[in-house]
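Colleague: Below is one structure. I have some questions about it.
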Amino acid sequence: MTSHTPSNEPPNGESPAPNAPVLREGPEPSEKRAPVPFWLIILSAVIIFWAGIHLALNSGGFQANVYNPSLVSWSGGGSGGPAVAPDPKVIGKRLFSQNCAVCHQGSGMGVAGQFPPLVASEWVVGGAWVGDNHLVKILLAGMQGPVQVKGNTYNNAMPPWSQLKDDQIAAILTYIRSEWGNAAVPITADYVKTVRAASGDRKDPWTQKELKAIPAETIPAGGAAPAAPAAPAPAAPPAA
Amino acid sequence: MSNDQSSQPDTLNSAERATIDSSVAAPVILFFGTAIFWLLFGSVFELISAIKLVWPCFLDGCALLTYGRTSVVSVNALAFGWATPAAIGIGLWLTARLCRVELARYKSLLAAGIIWNIGTFVGVAGIFVGDNTSISHLNFPGYATHILLLAFILIAVWAIVTFNHRKSGPLYVSQWFLVAGFFSFPWLYATASQLLVWNPIQASAQPAIAAWFAGGFFNLWLAPMGLAAAFYLIPKAVGRQINSNHLSLVAFWSLLLFGAWSGTSRLIGGPLPAWMVSVGVAASVMMIIPALAVALNLHFTLDGHYAAMSWSPALRFTITGVSMLVFTWVFTAINSLPAVSSVTNFSDITRALNLLGYYGFFSMTAFGAIYYIVPRLTGKEWPSSCLISWHFWLATTGVLLAVSVLILGGLIQGFALHDIGVTFRSSMDFIFPFRFVAALAALLIVCANLAFALVFAGLHWSLRRPGTAPALIAVREENSQEPVAV
Amino acid sequence: MNKLTLLFTGIFLTFGSAWVGLVAYPVANLGQMQPLPNEETGGVNPPTVSGLAIAGQKVYAANGCMECHTQQVRPDPFSTDIAKQLGKRQTVPRDEIREHTPFLGEYRIGQDLSNYGARQTDAAAIHRHLYSPTSVTPWSNMPSYSYLYEYRKIVSQPSAHAIQGLTGSRAPKPGYEVVPTQQAEALVAYLLSLNQNYPLPESPEPTAK
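Written as structure tokens, this is what we have:
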């Protein structure tokens, strides 16, 4: 092996004699295994925690088209104000199609002779003696036996939906009361809660007769109770 | 000494060291020698640019010497003419030493060194004649980038072969950093060149990649190479073991992960999806973790042995350099916080932090490594301890002076740029005296580099006979327990 | 050997994660942006620019203008760029699609230029400023770009392109004139095209408080 160094080394083939700097070298370096200082671990954890918070608050929801983190963020902070809740009608439509459309159909027209329609139904938008409390009660406990809807009699059974949460029931009812030409005021989650509390723990389905005995209530147009922040139904009545 | 003992830490005897050293000497000296030329060249242009910032009419009206070209030339000559070849030279020697492998084909490395310098020359010339790409740290025109990448592929192939033939058992911490650096640089450079220079993608996607490259060039290429040298030289020179393998692990992996993601913090407020910036900010702040891990590990290693800094040039430069790396990362972390960067963004603080990182850390560490390596390769001692001492003090004073005035001035300038009630002209007036001092500091740095070049040239032209005592920059106490492993 | 494999895998994964996030992601998500139709003018946002202005980008890059001038308006409330009237809204990636290289810049040694063409619409004034900055703005720290201009003796009749209204020490002597080269014309066309005053849905203008 040829060396191009201009030093006093022997020519090809032989090992060069170690020069003075090499001879005074210490041993090759190695490592001890001292533990990491505890405070460094704590400090690192704090820094990483901070970094996580920073990421959550300033990343604009990790979208490719959000360039100013103060407009959109996971915290809902920044100049954009509180996070915009999803439109309750969108949630209501999804819940309706998942739970109700099997019988009442996506069109809300029901099936003649079997499942009553929801479109313009006095049970949905309110009628002579039918109030909003009845509608909520039916959803919570179900209904069975003969029932008159828009002049037709149906005799079938509707199961209870009390396993749905108050805001989900409110979303479904708000949806069916504002879709297909229906235009009744939205049902708030608070109102569902009130009715649920008033019904106690009734599990048996209602009959028309029983319901008729209960006086009708109407949710005030301005919203009986202020909607909780999580409530999907807006407190203000829709313009439409 | 036979190979079956190779798992022991210090089986490498002097004869083996000498054999390994002589096998890498030619390419390493070639890389160092040319790097020092570009160091002088780049720092002179840095000085010219600093003067132009104070007196815009200095060397005015000449296309080649307009500020937009001199400052770009200085940054790129220093990054690709000086820092990268110096890192390669250090990397070659460390790799051969730590893998205990004699270099098989040094001619391919000599070729790589020559090709690299041709590439740098072509790139600098390209900027002068107006082919600047205007991408930070990638200003070389495409035709120069191809040449540089070709040279680096030769080096990377050599590094892979050497690591595969290594004789030692467990990998030492410097080897981790070497693998990381040699692996990252070609990936960084090839990706960025392809997407930004050779076949540019749509400009809307370019800023993120340019920022990724600029961050990676420092944190994944220069920083690992400098740290590889520091983790080798410091324990050797003071004759102690590195304090903690665990701290090394923390430093290494946190540097790699956070360093890779940190680049985009510089684009805060820029046209980039918000999450990319916040990831960059988070990663830049988390760089405090490797900074502290490196600092503690080396401090515990050196504890009680700092005296060796006073006489060993290699140790003094290396320790100063690594301290400045720690400060670079901590300051960059602070400067990345949105509350801070909303004021300091676009101010001269960016210049200060670049100077601290590239010169304060990398150049100082590379000086220390060169002071250690070259006598072993050539068998000659440094000719003048006085010049080395001047080199150290001029460089340290220059970089600390420039960094402190630019941080101070940059803060004032930043507040002026941020304040709605202050005109742009005021921001210029406020920064002026600080830029004046920074130009003086640039002059000190040029002098320091000149002293270094003289020392290096003196060694090669044998201004001092071989075999005399090592060049110590201070008298070593007679009763000192420290080794003279300079 | 096993440990080298482990080390290499670890480096590959950490480096690769950032490569995917900071390189592949923008290529996939920001790399194929289209201009949006502008319903008022029937054109597009950002508007198309002249070929001369595109040639000017090369001159802008060659002379390192980016070393001193940023081209990015940062959003409220992070910065005061909009209050300082550097632009009406934040600069976003779609604003860059006409460029070959986005000249975002790192320093404001000089003013931000994102909307220079909206502030300055007079080509002759830009020529005067490039040729002799201090005669236009006495406190300017911009160097002269006189090498982009030809200083020559008037032969027969003055050139129609010569810069008018030069004053101060760089004003041409009687019988001489200063004529922009093709490079200067391209650079000025590019500077005039710098205007982000068109609406983009992803960059709403902040509402006045």
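Protein chains in written order, with this note's numbering: chain B, 4 to 243; chain C, 11 to 496; chain W, 98 to 306.
Note that beta-carbon positions come from the ideal geometry of N, C-alpha and C, so glycine has one too.
#1: Counting C-beta neighbours from all protein chains within 10 Å, is the total for N23 of chain C 16 or more, i.e. buried, or is it exposed?
#2: What does a CB cutoff of less than 7 Å around S237 of chain W pick up in its chain, not counting 5 residues either side in sequence?
#3: Please report the distance separating the alpha-carbon of N253 of chain C from that of H315 of chain C.
#4: Which full runs of the beta strand (DSSP E) of 3+ residues lie inside the segment 246-287 of chain W, going along the chain?
#5: For A484 of chain C, which beta-bridge partners are listed by DSSP?
#6: Listing by chain order, which chain B residues have their CB less than 8 Å from the CB of L127 of chain W?
#7: Please give the ranges of any alpha helix (DSSP H) in the segment 211-294 of chain C, keeping only runs that are unbroken, at least 4 residues long and fully inside the region.
#8: In whole angstroms, what is the alpha-carbon distance linking S414 of chain C and A362 of chain C?
#9: Please report how far the alpha carbon of Y194 of chain B lies from the alpha carbon of L98 of chain B, in whole angstroms.
#10: A160 of chain B lies in the beta strand (DSSP E); which residues open and close that run?
#11: For V111 of chain C, which of C:I163, C:V171 and C:A303 has the nearest alpha-carbon?
#12: If you draw a straight line from the C-alpha of G134 of chain B to the C-alpha of P162 of chain B, how long is it?
#13: What is the rounded straight-line gap between the Cα of L282 of chain C and the Cα of L127 of chain W?
#14: Can the beta-carbon of V127 of chain B be found closer than 8 Å to that of R199 of chain B?
#15: Near A166 of chain C, which residues of its chain fall below 7 Å by C-beta distance, leaving aside the five closest residues on each side in sequence?
#16: Less than 7 Å between C-beta atoms, sequence neighbours within five positions excluded: which residues of the same chain meet that for V289 of chain C?
#17: Can you tell me the Cβ-Cβ gap for S184 of chain C and L113 of chain C, rounded? I've got them flagged as a contact below 8 Å.
#18: Between the segment 111-123 of chain W and the segment 254-263 of chain W, do three or more beta carbon pairs fall short of 8 Å?
#19: Taking only three categories from DSSP, how would you classify M130 of chain W?
#20: Rounded to the nearest angstrom, what separates G226 of chain C and L198 of chain C at their Cα positions?
#21: Determine which residues share a DSSP beta bridge with P190 of chain W and list them.
#22: Indicate whether at least one CB of chain B lies closer than 8 Å to the CB of E299 of chain W.
#23: Could you tell me whether any Cβ in chain C is nearer than 8 Å to the Cβ of I50 of chain B?
#24: With DSSP as the reference, identify every bridge partner of F118 of chain B, one or two as the case may be.
#25: Taking only beta-carbon atoms, is W53 of chain B less than 8 Å away from chain C?
#26: Let me know the secondary structure DSSP gives V170 of chain W once reduced to three states.
#27: Starting from Q151 of chain B, follow the beta strand (DSSP E) in both directions and report where the run begins and ends.
#28: If you count every other CB in all the chains shown that lies within 10 Å of the CB of H224 of chain W, and 16 or more means buried, which is it?
#29: Can you tell me whether T354 of chain C is buried or exposed? The criterion is at least 16 other CB atoms within 10 Å of its CB, across all chains shown.
#30: Quick check on Q53 of chain W: buried or exposed, where buried means 16 or more other Cβ atoms within 10 Å of its Cβ?
#31: Hey, out of B:R27, B:C103, B:S124 and B:K96, whose CA is closest to L142 of chain B's CA?
#32: Return helix, strand or coil for W209 of chain B, following the three-state DSSP convention.
#33: P172 of chain W touches chain B at which residues, Cβ-Cβ below 9 Å?
#34: Could you name each continuous alpha helix (DSSP H) segment of 4 residues or more that falls completely within the segment 365-410 of chain C, going from the start of the chain to the end?
#35: Mind pulling the beta strand (DSSP E) runs of 3 or more residues that sit fully within the segment 20-50 of chain B?
#36: Is the CB of P21 of chain B under 8 Å away from at least one CB in chain C?
Modeller: The short version:
#1: Under this definition N23 of chain C is an exposed residue.
#2: Taken in chain order, the residues that qualify are P230 and T231.
#3: Answer to the nearest angstrom: the Cα atoms are 13 Å apart.
#4: The qualifying runs are 246-250 and 273-277.
#5: Beta-bridge annotation (DSSP): A484 of chain C is not paired with any residue.
#6: By Cβ distance, chain B contributes A67.
#7: Listed in chain order, they are 216-226, 233-248 and 255-271.
#8: When only Cα atoms are considered, S414 of chain C and A362 of chain C end up about 8 Å apart.
#9: The straight-line gap from Cα to Cα measures roughly 18 Å.
#10: Segment N155 to M161, the beta strand (DSSP E) holding A160 of chain B.
#11: The shortest CA-to-CA distance from V111 of chain C to any of C:I163, C:V171 and C:A303 is the one to C:V171.
#12: Those two C-alpha atoms are separated by around 20 Å.
#13: So the two alpha carbons sit approximately 9 Å from each other.
#14: R199 of chain B is positioned such that its CB atom lies no closer than 8 Å to that of V127 of chain B.
#15: Listed in chain order, the non-local C-beta contacts of A166 of chain C below 7 Å within the same chain comprise F192 and P196, local neighbours out to five positions each way being set aside.
#16: Result list for V289 of chain C: W271 and T274, in chain order.
#17: Rounded, the Cβ-Cβ distance is 18 Å, inconsistent with contact.
#18: Because the criterion of three Cβ pairs below 8 Å is not met, the segment 111-123 of chain W and the segment 254-263 of chain W do not touch.
#19: Residue state, collapsed to three classes: coil.
#20: Each residue's Cα considered, the two are about 7 Å apart.
#21: None; P190 of chain W has no bridge partner.
#22: At a cut-off of 8 Å between beta-carbon atoms, E299 of chain W makes contact with chain B.
#23: Yes - at least one Cβ of chain C is within 8 Å of the one on I50 of chain B.
#24: DSSP output for F118 of chain B lists B:V114 as bridge partner(s).
#25: For W53 of chain B, the answer is yes, since a Cβ of chain C falls inside 8 Å of its Cβ.
#26: Reduced to three states, the DSSP call for V170 of chain W is coil.
#27: Residues M146 to V152.
#28: By the beta-carbon neighbour count (other beta carbons within 10 angstroms, threshold 16), H224 of chain W is buried.
#29: With 16 or more Cβ atoms within 10 Å of its Cβ, T354 of chain C is classed as buried.
#30: Past the edges of chain W, shown from 98 to 306, lies residue 53 of chain W, and the structure says nothing about it.
#31: Of B:R27, B:C103, B:S124 and B:K96, the residue nearest in Cα terms is B:C103.
#32: Three-state result, W209 of chain B: strand.
#33: Result: Y70, N71, P72, S73 and L74.
#34: The segment 365-410 of chain C contains these whole alpha helix (DSSP H) runs: 374-388.
#35: Correct list: empty.
#36: With 8 Å as the cut-off, P21 of chain B counts as an interface residue toward chain C.
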